[in-house]
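Here my numbering is used: the first residue of the sequence shown is 1, the next is one more, and so on.
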Amino acid sequence: MIIYDISNKFKEVEEWDKENSFYWIILHAEELYNLELLLDEECIVECMDFSQSAQIHYYNDYIFMVLNVLDLNKKDVISKELNIFLSHNFIITVYKDRIAVLEEIIQDVKANKNCFSLKKKGRPEVVLYYILDRLIIRNYNIMSVVEEMADKAEIDILKSPRSNQIDTLVFLRRQTYKIRKILNPLRYIGDALIANENGIIDDEYIEYFKNINNKISKLMKVIETLVQDLAMVREAYEAEISNKTNDLMKVFTVVTTIFLPLELLTAIFSMGFNYMPFKDHPYSFFGILALMLAIAFGMLLYFKKHKMF
(Lines of atoms letter the chains of each structure in order from A and count residues from 1; the text may use other names and numbers.)
(Lines give C-alpha, C1' and ligand atoms only; values in the text may rest on other atoms or scores of the structure.)
Protein backbone atom coordinates (compact mmCIF):
# COMPACT_ATOMS: atom_id res chain seq x y z
CA MET A 1 0.00 0.00 0.00
CA ILE A 2 1.27 3.45 -0.96
CA ILE A 3 -0.18 6.64 0.53
CA TYR A 4 0.31 10.02 -1.11
CA ASP A 5 -0.51 13.27 0.64
CA ILE A 6 -2.20 15.21 -2.16
CA SER A 7 -2.13 18.52 -0.30
CA ASN A 8 1.59 18.18 0.40
CA LYS A 9 2.79 17.91 -3.21
CA PHE A 10 1.96 14.19 -3.34
CA LYS A 11 4.52 13.36 -0.70
CA GLU A 12 4.59 9.67 0.17
CA VAL A 13 3.61 9.13 3.82
CA GLU A 14 3.35 6.18 6.19
CA GLU A 15 0.14 7.20 7.97
CA TRP A 16 -2.83 9.32 7.06
CA ASP A 17 -5.44 11.38 8.81
CA LYS A 18 -8.39 12.03 6.55
CA GLU A 19 -9.53 14.95 8.69
CA ASN A 20 -6.42 17.06 8.11
CA SER A 21 -5.49 16.55 4.46
CA PHE A 22 -6.35 14.91 1.14
CA TYR A 23 -4.89 11.50 0.31
CA TRP A 24 -4.47 9.13 -2.59
CA ILE A 25 -4.09 5.51 -1.49
CA ILE A 26 -2.90 2.92 -4.02
CA LEU A 27 -3.13 -0.68 -2.89
CA HIS A 28 -3.35 -4.27 -4.09
CA ALA A 29 -6.66 -6.09 -3.64
CA GLU A 30 -5.13 -8.37 -1.01
CA GLU A 31 -4.35 -5.32 1.15
CA LEU A 32 -7.93 -4.07 1.06
CA TYR A 33 -8.91 -5.66 4.37
CA ASN A 34 -6.57 -3.18 6.07
CA LEU A 35 -9.29 -0.61 5.34
CA GLU A 36 -12.31 -2.72 6.23
CA LEU A 37 -13.36 -0.33 9.00
CA LEU A 38 -13.55 2.46 6.44
CA LEU A 39 -15.34 0.62 3.62
CA ASP A 40 -18.48 -1.49 3.33
CA GLU A 41 -18.07 -5.26 3.27
CA GLU A 42 -20.09 -5.42 0.05
CA CYS A 43 -17.56 -3.22 -1.75
CA ILE A 44 -14.61 -5.20 -0.44
CA VAL A 45 -16.17 -8.43 -1.74
CA GLU A 46 -16.76 -6.83 -5.14
CA CYS A 47 -13.15 -5.67 -5.25
CA MET A 48 -12.00 -9.27 -4.83
CA ASP A 49 -14.02 -10.31 -7.91
CA PHE A 50 -12.00 -9.08 -10.89
CA SER A 51 -14.47 -10.10 -13.59
CA GLN A 52 -17.00 -7.28 -13.48
CA SER A 53 -18.14 -4.68 -15.97
CA ALA A 54 -17.80 -0.96 -15.34
CA GLN A 55 -20.26 0.25 -12.71
CA ILE A 56 -20.76 2.94 -10.10
CA HIS A 57 -22.45 2.87 -6.67
CA TYR A 58 -23.17 5.68 -4.23
CA TYR A 59 -22.76 5.33 -0.46
CA ASN A 60 -23.15 7.89 2.32
CA ASP A 61 -19.46 8.73 2.60
CA TYR A 62 -17.99 7.75 -0.76
CA ILE A 63 -18.52 6.71 -4.37
CA PHE A 64 -17.46 3.21 -5.43
CA MET A 65 -16.53 2.57 -9.06
CA VAL A 66 -15.42 -0.41 -11.11
CA LEU A 67 -13.50 0.54 -14.26
CA ASN A 68 -12.06 -1.60 -17.05
CA VAL A 69 -8.69 -0.83 -18.63
CA LEU A 70 -7.89 -2.29 -22.04
CA ASP A 71 -4.54 -3.95 -22.64
CA LEU A 72 -2.96 -6.25 -25.20
CA ASN A 73 -1.71 -9.78 -24.68
CA LYS A 74 0.20 -10.16 -27.94
CA LYS A 75 -2.65 -9.34 -30.35
CA ASP A 76 -5.49 -10.32 -28.06
CA VAL A 77 -7.39 -7.54 -26.28
CA ILE A 78 -7.74 -8.14 -22.54
CA SER A 79 -9.32 -6.14 -19.73
CA LYS A 80 -7.80 -5.21 -16.38
CA GLU A 81 -10.05 -4.09 -13.56
CA LEU A 82 -9.48 -0.99 -11.46
CA ASN A 83 -11.64 -0.28 -8.40
CA ILE A 84 -11.91 3.26 -7.06
CA PHE A 85 -13.30 4.71 -3.82
CA LEU A 86 -13.82 8.47 -3.88
CA SER A 87 -14.57 10.43 -0.72
CA HIS A 88 -14.35 14.09 0.31
CA ASN A 89 -10.86 13.62 1.73
CA PHE A 90 -9.40 10.61 -0.05
CA ILE A 91 -9.34 8.51 -3.17
CA ILE A 92 -8.45 4.81 -3.01
CA THR A 93 -7.42 2.87 -6.13
CA VAL A 94 -7.43 -0.92 -5.88
CA TYR A 95 -5.76 -3.15 -8.47
CA LYS A 96 -4.97 -6.80 -8.97
CA ASP A 97 -2.78 -6.60 -12.07
CA ARG A 98 -0.35 -3.79 -12.76
CA ILE A 99 -2.13 -0.68 -14.06
CA ALA A 100 0.35 1.45 -16.02
CA VAL A 101 -1.94 4.49 -15.95
CA LEU A 102 -1.52 4.94 -12.18
CA GLU A 103 2.25 4.73 -12.44
CA GLU A 104 2.28 7.25 -15.29
CA ILE A 105 0.31 9.80 -13.26
CA ILE A 106 2.68 9.47 -10.29
CA GLN A 107 5.71 9.79 -12.58
CA ASP A 108 4.23 12.91 -14.20
CA VAL A 109 3.56 14.45 -10.79
CA LYS A 110 7.15 13.84 -9.72
CA ALA A 111 8.46 15.16 -13.05
CA ASN A 112 6.07 18.12 -12.89
CA LYS A 113 4.58 17.56 -16.35
CA ASN A 114 1.08 16.98 -17.77
CA CYS A 115 -0.45 17.50 -14.33
CA PHE A 116 -0.60 21.22 -13.63
CA SER A 117 -4.29 21.26 -12.66
CA LEU A 118 -3.69 18.27 -10.41
CA LYS A 119 -0.89 20.00 -8.51
CA LYS A 120 -2.66 23.36 -8.46
CA LYS A 121 -5.97 21.95 -7.22
CA GLY A 122 -4.87 19.01 -5.12
CA ARG A 123 -8.21 17.32 -4.55
CA PRO A 124 -9.38 13.67 -4.75
CA GLU A 125 -11.91 14.68 -7.45
CA VAL A 126 -9.09 16.02 -9.63
CA VAL A 127 -7.09 12.81 -9.13
CA LEU A 128 -10.15 10.88 -10.28
CA TYR A 129 -10.45 13.15 -13.31
CA TYR A 130 -6.84 12.48 -14.27
CA ILE A 131 -7.27 8.72 -13.82
CA LEU A 132 -10.38 8.65 -16.00
CA ASP A 133 -8.72 10.86 -18.60
CA ARG A 134 -5.66 8.59 -18.81
CA LEU A 135 -7.87 5.49 -18.95
CA ILE A 136 -9.75 6.92 -21.92
CA ILE A 137 -6.47 7.72 -23.69
CA ARG A 138 -5.16 4.23 -22.89
CA ASN A 139 -8.31 2.59 -24.22
CA TYR A 140 -8.18 4.74 -27.34
CA ASN A 141 -4.56 3.70 -27.98
CA ILE A 142 -5.51 0.02 -27.77
CA MET A 143 -8.36 0.62 -30.20
CA SER A 144 -5.91 2.38 -32.54
CA VAL A 145 -3.79 -0.79 -32.62
CA VAL A 146 -6.85 -2.85 -33.61
CA GLU A 147 -7.72 -0.19 -36.20
CA GLU A 148 -4.21 -0.44 -37.70
CA MET A 149 -4.60 -4.22 -37.92
CA ALA A 150 -7.91 -3.72 -39.73
CA ASP A 151 -6.34 -1.23 -42.16
CA LYS A 152 -3.49 -3.65 -42.91
CA ALA A 153 -5.98 -6.46 -43.51
CA GLU A 154 -7.94 -4.24 -45.91
CA ILE A 155 -4.80 -3.35 -47.89
CA ASP A 156 -3.79 -7.03 -48.10
CA ILE A 157 -7.27 -7.97 -49.29
CA LEU A 158 -7.30 -5.31 -52.01
CA LYS A 159 -3.83 -6.38 -53.17
CA SER A 160 -4.42 -10.12 -53.18
CA PRO A 161 -7.46 -11.66 -51.48
CA ARG A 162 -6.80 -15.11 -50.00
CA SER A 163 -9.01 -17.58 -48.21
CA ASN A 164 -7.01 -17.44 -44.96
CA GLN A 165 -7.73 -13.71 -44.63
CA ILE A 166 -11.25 -14.50 -43.45
CA ASP A 167 -9.69 -15.82 -40.22
CA THR A 168 -8.02 -12.45 -39.66
CA LEU A 169 -11.30 -10.63 -40.25
CA VAL A 170 -13.18 -12.90 -37.84
CA PHE A 171 -10.46 -12.37 -35.21
CA LEU A 172 -10.58 -8.57 -35.60
CA ARG A 173 -14.35 -8.58 -35.47
CA ARG A 174 -14.30 -10.55 -32.22
CA GLN A 175 -11.75 -8.15 -30.74
CA THR A 176 -13.89 -5.16 -31.70
CA TYR A 177 -17.04 -6.63 -30.20
CA LYS A 178 -15.07 -7.48 -27.06
CA ILE A 179 -13.90 -3.85 -26.81
CA ARG A 180 -17.44 -2.59 -27.27
CA LYS A 181 -18.77 -4.97 -24.62
CA ILE A 182 -16.07 -3.94 -22.13
CA LEU A 183 -16.34 -0.18 -22.66
CA ASN A 184 -20.06 0.23 -23.30
CA PRO A 185 -20.96 0.56 -19.57
CA LEU A 186 -18.41 3.38 -19.30
CA ARG A 187 -20.86 5.89 -20.75
CA TYR A 188 -23.10 5.48 -17.69
CA ILE A 189 -20.15 6.24 -15.40
CA GLY A 190 -19.81 9.70 -16.92
CA ASP A 191 -23.51 10.47 -16.57
CA ALA A 192 -23.56 9.23 -12.96
CA LEU A 193 -20.56 11.34 -11.94
CA ILE A 194 -22.22 14.46 -13.34
CA ALA A 195 -25.42 13.59 -11.42
CA ASN A 196 -23.32 13.44 -8.19
CA GLU A 197 -26.14 11.88 -6.17
CA ASN A 198 -24.45 11.88 -2.76
CA GLY A 199 -22.67 15.23 -3.20
CA ILE A 200 -19.19 13.76 -2.74
CA ILE A 201 -17.87 15.73 -5.70
CA ASP A 202 -17.59 19.45 -5.04
CA ASP A 203 -19.71 21.50 -7.45
CA GLU A 204 -16.57 23.33 -8.57
CA TYR A 205 -15.28 20.11 -10.17
CA ILE A 206 -18.45 18.87 -11.88
CA GLU A 207 -17.26 20.62 -15.05
CA TYR A 208 -14.26 18.28 -15.11
CA PHE A 209 -16.54 15.27 -15.38
CA LYS A 210 -18.65 16.89 -18.09
CA ASN A 211 -15.40 16.97 -20.05
CA ILE A 212 -14.85 13.29 -19.22
CA ASN A 213 -18.38 12.51 -20.38
CA ASN A 214 -17.69 14.18 -23.74
CA LYS A 215 -14.50 12.16 -24.14
CA ILE A 216 -16.37 8.95 -23.34
CA SER A 217 -18.95 9.80 -26.01
CA LYS A 218 -16.17 10.35 -28.55
CA LEU A 219 -14.56 7.07 -27.52
CA MET A 220 -17.82 5.18 -28.09
CA LYS A 221 -18.17 6.81 -31.52
CA VAL A 222 -14.69 5.56 -32.39
CA ILE A 223 -15.75 2.04 -31.38
CA GLU A 224 -18.85 2.19 -33.59
CA THR A 225 -16.76 3.55 -36.47
CA LEU A 226 -14.32 0.66 -36.03
CA VAL A 227 -17.20 -1.84 -36.12
CA GLN A 228 -18.49 -0.26 -39.34
CA ASP A 229 -15.01 -0.19 -40.89
CA LEU A 230 -14.55 -3.90 -40.21
CA ALA A 231 -17.94 -4.60 -41.79
CA MET A 232 -16.79 -2.68 -44.88
CA VAL A 233 -13.51 -4.64 -44.95
CA ARG A 234 -15.52 -7.87 -44.78
CA GLU A 235 -17.68 -6.66 -47.67
CA ALA A 236 -14.55 -5.73 -49.64
CA TYR A 237 -13.13 -9.21 -49.03
CA GLU A 238 -16.33 -10.90 -50.16
CA ALA A 239 -16.49 -8.64 -53.23
CA GLU A 240 -12.89 -9.46 -54.20
CA ILE A 241 -13.45 -13.18 -53.71
CA SER A 242 -16.65 -12.92 -55.75
CA ASN A 243 -14.77 -11.10 -58.53
CA LYS A 244 -12.07 -13.74 -58.58
CA THR A 245 -14.71 -16.47 -58.74
CA ASN A 246 -16.47 -14.67 -61.59
CA ASP A 247 -13.18 -14.31 -63.48
CA LEU A 248 -12.46 -18.00 -63.00
CA MET A 249 -15.93 -18.98 -64.20
CA LYS A 250 -15.47 -16.70 -67.21
CA VAL A 251 -12.25 -18.53 -68.12
CA PHE A 252 -14.01 -21.89 -67.77
CA THR A 253 -16.83 -20.61 -69.99
CA VAL A 254 -14.40 -19.42 -72.69
CA VAL A 255 -12.49 -22.72 -72.64
CA THR A 256 -15.72 -24.74 -72.79
CA THR A 257 -17.06 -22.61 -75.66
CA ILE A 258 -13.83 -23.01 -77.66
CA PHE A 259 -13.73 -26.77 -77.21
CA LEU A 260 -17.40 -27.27 -78.08
CA PRO A 261 -16.99 -27.01 -81.92
CA LEU A 262 -13.73 -28.94 -81.72
CA GLU A 263 -15.45 -31.79 -79.91
CA LEU A 264 -18.25 -31.67 -82.48
CA LEU A 265 -15.77 -32.05 -85.37
CA THR A 266 -13.98 -34.84 -83.52
CA ALA A 267 -17.27 -36.66 -82.93
CA ILE A 268 -18.35 -36.34 -86.57
CA PHE A 269 -15.11 -37.60 -88.08
CA SER A 270 -14.88 -40.43 -85.58
CA MET A 271 -18.12 -41.98 -86.84
CA GLY A 272 -17.68 -45.42 -88.39
CA PHE A 273 -19.53 -44.83 -91.68
CA ASN A 274 -18.21 -46.55 -94.80
CA TYR A 275 -18.41 -43.38 -96.82
CA MET A 276 -17.27 -40.09 -95.37
CA PRO A 277 -15.89 -37.06 -97.24
CA PHE A 278 -12.10 -36.69 -97.07
CA LYS A 279 -11.86 -40.03 -95.27
CA ASP A 280 -9.34 -41.48 -97.69
CA HIS A 281 -7.67 -38.20 -98.62
CA PRO A 282 -3.96 -38.26 -97.68
CA TYR A 283 -4.10 -34.76 -96.14
CA SER A 284 -7.52 -35.05 -94.44
CA PHE A 285 -6.01 -35.34 -90.93
CA PHE A 286 -3.89 -32.21 -91.37
CA GLY A 287 -6.82 -30.37 -92.94
CA ILE A 288 -9.17 -31.15 -90.05
CA LEU A 289 -6.44 -30.23 -87.55
CA ALA A 290 -5.86 -26.92 -89.32
CA LEU A 291 -9.61 -26.25 -89.29
CA MET A 292 -9.78 -26.91 -85.56
CA LEU A 293 -6.85 -24.57 -84.92
CA ALA A 294 -8.43 -21.89 -87.08
CA ILE A 295 -11.74 -22.18 -85.21
CA ALA A 296 -10.00 -22.04 -81.83
CA PHE A 297 -7.85 -19.06 -82.86
CA GLY A 298 -10.85 -17.24 -84.33
CA MET A 299 -12.91 -17.73 -81.19
CA LEU A 300 -10.02 -16.53 -79.03
CA LEU A 301 -9.80 -13.35 -81.10
CA TYR A 302 -13.56 -12.88 -80.79
CA PHE A 303 -13.55 -13.28 -77.01
CA LYS A 304 -10.50 -11.02 -76.72
CA LYS A 305 -12.16 -8.32 -78.81
CA HIS A 306 -15.26 -8.43 -76.61
CA LYS A 307 -13.11 -8.40 -73.44
CA MET A 308 -14.42 -11.68 -72.13
CA PHE A 309 -11.06 -12.49 -70.55
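Using N, Cα and C, we set each Cβ at its ideal position, and we do this for glycine too.
Beta strand (DSSP E) segment containing residue i, residue limits
i: methionine 65; result: 63-73
i: glutamate 12; result: 11-13
i: aspartate 5; result: 2-5
Cβ neighbours of residue i in the same chain (closer than 6 Å, five flanking residues each side left out)
i: arginine 180; result: Ile223
i: isoleucine 201; result: Glu125
i: lysine 215; result: Ile136
i: asparagine 198; result: Tyr58
i: isoleucine 182; result: Asn68 and Ser79
i: phenylalanine 50; result: Glu81 and Lys96
i: arginine 173; result: Leu230
Beta carbon proximity, residue i to chain D, threshold 8 Å
i: glutamine 52; result: Chain labels in this structure do not include chain D; a single protein chain is all it has.
Cross-strand partners of residue i (DSSP beta bridge)
i: threonine 93; result: Ile26 and Ile84
i: valine 77; result: Leu72
i: tyrosine 58; result: Ile63
Nearest-angstrom beta carbon gap, residue j and residue i [assumed within contact, 8 Å]
i: valine 77; j: glutamine 175; result: 5 Å
i: leucine 118; j: isoleucine 99; result: About 17 Å separates the two Cβ atoms, so there is no contact after all.
i: alanine 54; j: asparagine 68; result: 5 Å
i: tyrosine 237; j: isoleucine 157; result: 5 Å
i: tyrosine 129; j: isoleucine 194; result: No, tyrosine 129 and isoleucine 194 are not in contact; Cβ-Cβ is about 12 Å, not under 8 Å.
Close-in-space but distant-in-sequence residues of the same chain around residue i (CB under 7 Å, 5 per side omitted)
i: aspartate 203; result: none
i: leucine 39; result: Phe85
i: lysine 34; result: Residue 34 is actually asparagine in this sequence, not lysine. If we look at asparagine 34 and ignore the five residues flanking it on each side, its Cβ neighbours are Met1.
Buried versus exposed call for residue i [16 or more other C-beta atoms within 10 Å across all chains shown]
i: valine 94; result: buried
i: glutamate 263; result: exposed
i: phenylalanine 252; result: exposed
i: serine 270; result: exposed
i: methionine 232; result: exposed
i: valine 127; result: buried
i: isoleucine 25; result: buried
i: glycine 190; result: buried
i: phenylalanine 209; result: buried
i: glycine 298; result: exposed
i: methionine 143; result: buried
i: leucine 70; result: buried
i: aspartate 65; result: The sequence shown places methionine at residue 65, rather than the aspartate named in the question. It counts as buried.
Boundaries of the alpha helix (DSSP H) in which residue i is found, first to last residue
i: methionine 232; result: 206-269
i: isoleucine 99; result: Element bounds for isoleucine 99: n/a, residue is neither H nor E.
i: serine 117; result: 116-120
i: asparagine 141; result: 124-159
i: glutamine 165; result: 165-183
i: glutamate 42; result: 41-47
i: aspartate 191; result: 186-195
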